[in-house]
Amino acid sequence: MPRGSGPVNFIENYIDGEFVAGTSPFPDVNPADGRLVAEVGEADRCLVDRAVESAGKALRGSWSRATARERATALRKIADAIDRRFDCFVAAEVADTGKPISLASKLDVPRAAANFRIFADLISTAGLESFQTETADGTSALNYAIRKPLGVVAVITPWNLPLLLLTWKVAPALACGNTVVVKPSEETPASASLLAEVMHEAGIPDGVYNVVHGFGPKSAGEFLTQHPDVNAVTFTGESGTGAAIMKTVAQSVKPVSFELGGKNAAVVCADCDFDSAIVGISDAVFLNTGQVCLCAERVYVERPLLDRFVDALKGKAENLRLGPPLDAATEMGPLISKQHREKVLSYYRLAREEGATVVAGGGIPEFGNSLDDGYYIQPTIFTGLPESARSVKEEIFGPVCHIAPFDSDEEAVSMANDTKYGLAASVWTSNLKRGHRLAQQMKTGITWVNCWFLRDLRTPFGGVGLSGIGREGGVHSLNFYSELNNICVRL
Ligand code: NAD
Ligand code: 6OD
């Protein structure tokens, strides 16, 4: 494998406050040019055992005695330390994912710091339930619930928004007094290890935050979910992986939180604000090279607007600036890996076989430079497929959508909901009454009206059907990452 121009780093596991080399190293590749950026030490079962043991030991140490206010202070220190290392985190995310530096600087890294701040605020202010209960003998009882940590939480995350999605789980887990063992994606290991340095700087006790690197099956991911001393598993990734993890943890009945795949719909009404809908849908389809779980791969447009909409989105797709991630003007980077590009291209081929008209893209761009060794793909639009086509039904996770017309709101709702997934939807209309009505009929965890991926971290986040189990975000995260213990006192 060709090496990058700089020295090759070694990315290590982090256990009990120490960086630990793994057993067999595996490559961390920059998807923009296919070059090696680092070697990563895979954690074998023995290292995973050590990480879980260290997290268990930390649960009995000073972390378990820290008050909510002290944990909140610690979380704010972590956020400040991320801000101080902003450029390092951006560089790590850009090298691992190939995403444009503008996106990593605007979304991934600021949001990671925000995750720690918001859960610091929430744990400091969250109230607890209490009920005064009338009893049959005319006296009463007071019920109140207290929060206790779950214990050792396994955090398993994907490659599309590596630091953002990791901190989205680590921050509330720590806020609630848990300790964690995180297993970032094998494709994007750097930011989790960099966060370990930040944890150290912020004075987080050894063993509270541990990192193990490796793959899923027969590697660190599976070893972690199989571990008897892991008390809960929080996972973001593919629905099939969620199912495999569920099977693994079923024996020991651990709490799970699953944020899984999607095949999200956008419904564009003829009365929408056309220009802002085009900008919004273009983001919803192409942001992060279509590798956001919330991206829209199915776009339903009210028939009178169809031709104008297809033309305008084609213009957007064809004018997106694909280029080197470190160029501030780049708007779209590569897909995450050669293997993932093969998968997305196989869906481009399938859509054609299923009878699609290719409105834009459909292949691999040519640069005439080192980017041709990267995993770039053209932003792509299809039309003309039946709703039953596999390429309309299955998650592709690339910069691609299929556009189909609708003639009534009932038809739009029925097509949007005709999926085994149910993560997110968006509705575009100037008639807010219509917007509310359509949004309320979507079988999803999240529906946007006249916007997309506008996320308040306090709101519930999660999916229905194959898109997941449970909700995280705000108090919902606090509820997942803690055991509520109800205390009933006869008065
Ligand atoms: P993936 O499921 O392949 O991998 C996710 C993580 O799980 C990785 O760390 C991987 O090593 C680990 N893993 C794989 N098999 C495992 C096993 N058997 N046991 C334990 N760990 C295992 O997902 P991906 O390809 O990294 O990410 C893309 C997918 O994630 C898409 O389907 C996307 O929709 C989904 N996603 C969902 C959300 C959400 O919030 N709902 C967010 C981002 C991504
Ligand atoms: O920003 C967030 O809060 C969030 N959970 C984003 C998830 C994106 C999925 O790819």
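Residue numbers (the working numbering): 1151 to 1641. For glycine and all other residues, C-beta sits at the position ideal for the given N, C-alpha and C.
DSSP assignment within the segment 1307-1359 yields the following whole alpha helix (DSSP H) runs of 4 residues or more, N-terminal first: 1312-1325 and 1340-1351. With a 10 Å radius around the Cβ and a threshold of 16 neighbouring Cβ atoms, R1499 comes out exposed. Counting only the Cα atoms, K1333 lies some 15 Å from D1178. In this chain, the alpha helix (DSSP H) harbouring L1456 covers L1456 to N1469.
V1361 is positioned such that its CB atom lies no closer than 8 Å to that of V1302. In the three-state reduction of the DSSP assignment, L1186 falls in the strand class, which pools E and B. Here the C-alpha atom of A1415 lies approximately 16 Å from the C-alpha atom of V1429.
By DSSP's assignment, I1161 forms a beta bridge with V1190.
Straight across, the Cα-Cα distance linking G1518 with G1524 is about 12 Å. With 16 or more other Cβ atoms inside 10 Å of its own Cβ, Q1528 counts as buried. Around the beta-carbon of C1419, 16 or more other beta-carbon atoms lie within 10 Å, marking it buried.
Contact check for A1370 against K1404 fails: the beta carbons are separated by 8 Å or more. A direct Cα-Cα distance of roughly 13 Å separates T1530 from L1437.
Assigned with DSSP and collapsed to three states, T1579 falls in coil, not helix or strand. W1598 has its Cβ no nearer than 7 Å to any heavy atom of ligand 2. Counting other Cβ atoms within 10 Å of its Cβ, G1505 stays below 16 and is therefore classed as exposed. Between ligand 2 and the CB of C1196, the shortest heavy atom gap is not smaller than 7 Å.
Here H1586 carries a helix assignment [DSSP, helix/strand/coil]. For I1228, the three-state secondary structure derived from DSSP is helix. In the three-state reduction of the DSSP assignment, F1365 falls in the coil class. Sixteen is the threshold: when 16 or more other Cβ atoms of the shown chains lie within 10 Å of the Cβ of E1192, as they do, the residue is buried. No Cβ-Cβ contact shorter than 8 Å links G1512 with H1350. Taking the Cβ atoms as the reference, L1324 lies roughly 7 Å from V1358, within the contact range of under 8 Å. Per the DSSP secondary-structure output, W1598 pairs in a beta bridge with S1576.
Distance from the Cα of E1189 is smallest, within the candidate group Y1450, N1636 and A1171, for A1171.
Distance from K1227 to A1352 at the Cβ level is roughly 4 Å; contact confirmed, criterion being Cβ atoms closer than 8 Å. As a beta-bridge residue in DSSP terms, N1180 pairs with R1185. Counting only runs of 3+ residues, the beta strand (DSSP E) found wholly inside the segment 1244-1301 occupies 1280-1284 and 1290-1299, in chain order.
Under the three-pair Cβ rule at 8 Å, the segment 1567-1574 does not count as touching the segment 1224-1238. Sequence-distant partners of W1309 (beyond 5 residues in either direction) whose C-beta falls short of 7 Å from its own C-beta, in its chain, are T1247, S1335, E1337, T1338 and I1486. At a threshold of 7 Å, I1306 counts as near ligand 1, since its beta carbon sits closer than that to one of the ligand's heavy atoms. Look at T1386 here: in three-state DSSP terms it is strand. Residues of the same chain with a CB within less than 7 Å of the CB of S1290, apart from the 5 flanking positions on each side, are Q1282, T1283, E1284 and L1641 in chain order. The Cβ atoms of A1501 and S1541 lie closer than 8 Å to each other.
Counting only residues of its own chain and dropping the five nearest sequence neighbours on each side, L1470 has a CB closer than 7 Å to the CB of F1436, E1481, M1482 and P1529. DSSP places S1520 in no beta strand (DSSP E); its state is neither H nor E.
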